[in-house]
Amino acid sequence: QRVLGPLFLPVGFPASVRPEYLEYQFWDTVQALTSYLRGIFSTRAVLVSVGVGNESASALAAAITWVLRDGAGMLGSLFFGYWCGGSFDSFLKEWRLFADLINDVGLLLDMLSPHLAADLVLPVASLATVCKAMCGVAAGSTKASITAHMALRGNNADVAAKESAQETAVTLVGIILGVLLARGLEPSESSASGVETATAVWAMFLVLTVLHIVANFFGVRALRLTSLNRHRVDILHRMALEGVDPVKRTVEEVAKVEGREWMTLPARIARTRRIRIGCRFDELYATPDHLQLLQQLAKKGGHHGRYLINLVTPGSLPHIAVVLLDGASKQDELMSYVHALELERLCHMAFDRTGPKWKDGAHRQRRVVALLEAAAEGVQHAWGSFTELQQDADTAEEKGPENRKRKGGATNMRWDFHNVLVHAGSWRVRLVE
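The numbering used here applies: residue 1 is where the sequence shown begins, and numbers increase by one.
Structure below.
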C-alpha cells in the first residue's frame with residue numbers, strides 16, 4: 001500500500017477526489033485493457049489486408065494505403081471536432097460512451113478488412129481510421145472534464161498524472177497478455193488451415209468487445225456529475241413537478257435516474273432541436289407586436305428580461321426558441337431552459353388536445369400567446385425549486401469542506417450552479433429602443 005498508493009493514487013486520497021473515483025477507475029482500467037488486447041488482433045488484420053506476408057504484394061502499395069488511411073483519420077478528427085466540439089461538456093457521459101462505441105466499430109472494420117475484395121480494403125480501412133480518430137477526439141475532450149470533476153482540491157494535474165500512471169501499468173499488462181494470446185492463437189505447423197485459429201481469434205475479439213461495452217456502461221454510470229446539463233435539469237424539473245422534497249433531489253439520486261434512462265439518449269438529442277437556447281434573433285420569428293409581448297412576459301417572469309422565449313410554430317411541429325440578451329449569465333441560461341421545459345410541458349398538453357387546430361393561423365396565434373403567458377406564470381414556481389437547491393449549495397460552500405459529510409459519513413455532494421451546461425449557443429442580442 002505504501003508503494004502502490006503514492007504511485008497510482010492522487011495525493012490525499014480519498015479526500016482529494018470524488019467518492020466514485022475508485023469505481024470509475026476500475027471500469028476504465030477494464031475497458032482500456034480490452035481495447036489494447038483487441039488492438040493486437042485488429043493490427044494483425046490490417047497488416048494482412050495491406051499485403052504483409054504476401055509475396056506478390058507491393059511494399060509501396062502497402063505504404064500508400066497506410067498513409068491514405070492515416071490522412072483520412074486526420075481529416076475526420078478535424079471535421080468531427082468542428083461539428084461536435086461545442087457539445088462535449090454538455091453531454092459528457094453520452095460522448096464518453098460514444099467514444100468507445102465508435103472505437104469498437106473501427107476495430108471491427110479493421111478485423112473485416114482481410115476478408116474484403118482488394119478494391120474495398122482502402123475505403124474500409126480509411127473508415128475504420130476515421131472512427132478511431134473520432135474516438136480520440138471525444139475521449140480526449142471528455143477525459144479532461146472528468147479529470148476536473150474528480151479533482152476536489154484543484155489537484156487536476158496530480159489526478160491526470162496518476163491516471164497516466166495507471167494507463168502505463170495497464171499497457172504493460174496488455175503487452176504481456178497480448179504476447180501470450182498471440183502465441184496461443186498462432187496456427188500450429190500440423191494445422192491444415194487457419195480456420196480454427198481464425199474462429200478462435202474472432203471468438204476472443206467478440207468476447208473482449210462485449211466486456212469492453214459493459215465496462216464502459218458501468219464506468220459512465222458510476223459518474224456522479226454535479227454540473228447542470230439538460231438531462232439533469234430535466235430530471236430535477238420532473239422531481240419538482242412530482243413534489244419530491246428538495247432534500248431528496250441530490251446528485252446521487254439524479255445519477256441513479258440517469259443510469260436508468262440511458263435508453264432515452266435519442267430523445268434527448270432530438271430535444272436539442274426542439275429547444276434552442278442562444279439562437280439568432282431572426283430565429284425568434286417575432287413580429288413587432290409579438291416582440292413587445294415577449295418583452296413584457298420576460299419582465300413578468302422574474303428573470304430581469306435577460307432572455308426572450310417564443311413558441312415557434314412554422315408547421316404542425318412547434319419548437320421553442322430562446323434569445324439570450326446582452327449580459328445574460330449562466331443563471332439566465334439555466335432559468336431559460338427551465339422556462340423552456342415548462343413551456344414544452346404546457347405545449348404538449350395543448351397539442352395533444354387540439355393537434356389539428358394548430359394549422360389554423362388565427363387559433364394558433366391565440367394558443368401561442370396563452371401558452372406563453374401560462375409558462376411565464378409557471379416558471380416562477382418551477383424556478384423556486386432550483387433556488388432552494390442553489391441556496392443549499394451556497395450555504396455548503398460558505399461552511400467549507402467540513403460540510404461535505406452527512407450524518408452517517410456519506411458524502412454530501414451539492415449541485416454546482418456555477419457549472420451550467422445547457423448547450424446554449426454563442427449568440428447574444430442587444431435590443432435598441
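Think of the CB as a built atom: it goes at the ideal place given N, C-alpha and C, for glycine as much as any other residue.
Exercise. What do you get for residue 10, buried or exposed, if any count of 16 or more other CB atoms within 10 angstroms of its CB means buried?
Worked result: The residue in question, residue 10, is buried, as its Cβ has 16 or more Cβ neighbours within 10 Å.
Exercise. When DSSP labels each residue in this structure, what does residue 276 get in the three-state scheme?
Worked result: Residue 276 falls in the strand class under three-state DSSP.
Problem set entry | Residues that DSSP places opposite residue 103 in a beta bridge | Among the bridge pairs identified by DSSP, residue 103 is matched with none.
Exercise. Counting along the chain, where does the alpha helix (DSSP H) carrying residue 139 start and finish?
Worked result: Its alpha helix (DSSP H) spans residues 118-150.
Exercise. Taking the DSSP output, what are the residues bridged to residue 310?
Worked result: Under the DSSP definition of a beta bridge, residue 310 partners with 321.
Exercise. Of the residues 154, 365, 221, 166, which one's Cα is nearest the Cα of residue 20?
Worked result: Minimum Cα-Cα distance from residue 20 among the listed residues 154, 365, 221, 166 corresponds to 221.
For this session: In angstroms with no decimal places, state the Cα-to-Cα distance between residue 310 and residue 224.
Result: Each residue's Cα considered, the two are about 33 Å apart.
Exercise. For residue 208 versus residue 38, is the C-beta distance shorter than 9 Å?
Worked result: Yes, the pair counts as a contact, with Cβ atoms nearer than the cut-off.
Exercise. Alpha carbon to alpha carbon, how far is residue 46 from residue 347?
Worked result: The straight-line gap from Cα to Cα measures roughly 53 Å.
Problem set entry | Contact set for residue 159: own chain, Cβ-Cβ below 6 Å, skip 5 residues either direction | Cβ within range, chain order: 10, 147, 150, 151.
Exercise. Short check: CB of residue 126 to CB of residue 183, under 9 Å?
Worked result: Between residue 126 and residue 183, the CB-CB gap reaches or exceeds 9 Å.
Exercise. Which residue's Cα is closest to the Cα of residue 216: 33, 324, 297, 420?
Worked result: Nearest of 33, 324, 297, 420 to residue 216, Cα basis: 33.
Exercise. What number of angstroms, rounded off, separates the C-alpha of residue 390 from the C-alpha of residue 218?
Worked result: Per the coordinates, the alpha-carbon of residue 390 lies some 29 Å from the alpha-carbon of residue 218.
Exercise. Which runs of the beta strand (DSSP E) fall wholly inside the stretch 183-255 and span at least 3 residues, in chain order?
Worked result: Unbroken beta strand (DSSP E) runs of no fewer than 3 residues, entirely contained in the stretch 183-255, are not found.
Problem set entry | Reduced DSSP category for residue 3 - H, G, I as helix; E, B as strand; rest coil | Looking at residue 3 - three-state DSSP - the assignment turns out to be coil, as it is neither helix nor strand.
Problem set entry | Start-to-end residues for the alpha helix (DSSP H) that takes in residue 36 | Residue 36 -> alpha helix (DSSP H) spans 21-49.
Exercise. Roughly how many angstroms lie between the CA atoms of residue 285 and residue 231, to the nearest whole one?
Worked result: So the alpha carbons of these two residues sit roughly 27 Å apart.
Exercise. Expressed to the nearest angstrom, what Euclidean distance is found between the alpha-carbon atoms of residue 42 and residue 117?
Worked result: Answer to the nearest angstrom: the Cα atoms are 18 Å apart.
Exercise. When the distance is taken between beta carbons, is residue 277 closer than 9 Å to residue 322?
Worked result: The Cβ atoms of residue 322 and residue 277 lie closer than 9 Å to each other.
For this session: Compute the Euclidean distance between the alpha carbons of residue 12 and residue 78, then round it to the nearest angstrom.
Result: Distance between the alpha carbons of residue 12 and residue 78 is about 38 Å.
Exercise. Does the distance from the CB of residue 228 to the CB of residue 419 come in under 9 Å?
Worked result: Cβ atoms of residue 228 and residue 419: closer than 9 Å.
For this session: Note the first and the last residue of the continuous alpha helix (DSSP H) segment covering residue 288.
Result: Taken as a continuous stretch (DSSP letters only), the alpha helix (DSSP H) holding residue 288 covers 288-300.
Exercise. DSSP state of residue 67, grouped into three classes?
Worked result: Residue 67 sits in a helix when the DSSP states are folded into three classes.
Problem set entry | Buried versus exposed call for residue 318 [16 or more other C-beta atoms within 10 Å across all chains shown] | Answer is buried; the Cβ neighbour count reaches 16.
Exercise. Would the beta-carbon of residue 107 fall within 9 Å of that of residue 65?
Worked result: Contact flag unset, no.
Problem set entry | DSSP-derived helix/strand/coil call for residue 420 | Assigned with DSSP and collapsed to three states, residue 420 falls in strand.
Exercise. Do you know how far the Cα of residue 333 is from the Cα of residue 298?
Worked result: Going from the Cα of residue 298 to the Cα of residue 333 covers about 13 Å.
Problem set entry | Exposure of residue 367, with buried meaning 16 or more beta-carbon neighbours within 10 Å | Classification for residue 367: buried.
For this session: Between the Cα of residue 155 and those of 16, 280, 424, spot the shortest distance and give me the residue it belongs to.
Result: Minimum Cα-Cα distance from residue 155 among the listed residues 16, 280, 424 corresponds to 16.
Problem set entry | Close Cβ partners of residue 372 (< 8 Å) along its chain, the five nearest in sequence each way excluded | Taken in chain order, the residues that qualify are 293, 294, 297, 309, 310, 311, 343.
Problem set entry | Per-residue DSSP class, three states only, for residue 432 | Assigned with DSSP and collapsed to three states, residue 432 falls in coil, not helix or strand.
Exercise. Short check: CB of residue 382 to CB of residue 339, under 9 Å?
Worked result: Their beta carbons are under 9 Å apart, which means residue 382 touches residue 339 by this criterion.
Exercise. Looking only at its own chain, which residues have a Cβ that is under 6 Å from the Cβ of residue 255, when we skip the five neighbours before and after it?
Worked result: The beta carbon of residue 255 sits closer than 6 Å to the beta carbons of 224 from its chain, once the five residues preceding and following it are set aside; these are given in chain order.
For this session: Say whether the stretch 167-181 touches the stretch 128-145, bearing in mind that this needs 3 or more beta-carbon pairs closer than 8 Å, one atom from each stretch.
Result: Remark: fewer than three beta-carbon pairs, one from each stretch, lie closer than 8 Å, so the stretch 167-181 and the stretch 128-145 are not flagged as touching.
Problem set entry | Own chain, CB closer than 8 Å to residue 226, minus 5 neighbours either side, in chain order | Excluding residues within five positions, the ones whose Cβ falls inside 8 Å are 149, 251, 413, 414, 415, 416, 419.
For this session: Kindly identify the DSSP beta-bridge partner or partners of residue 17.
Result: The partner list for residue 17 (beta bridge, DSSP) reads 151.
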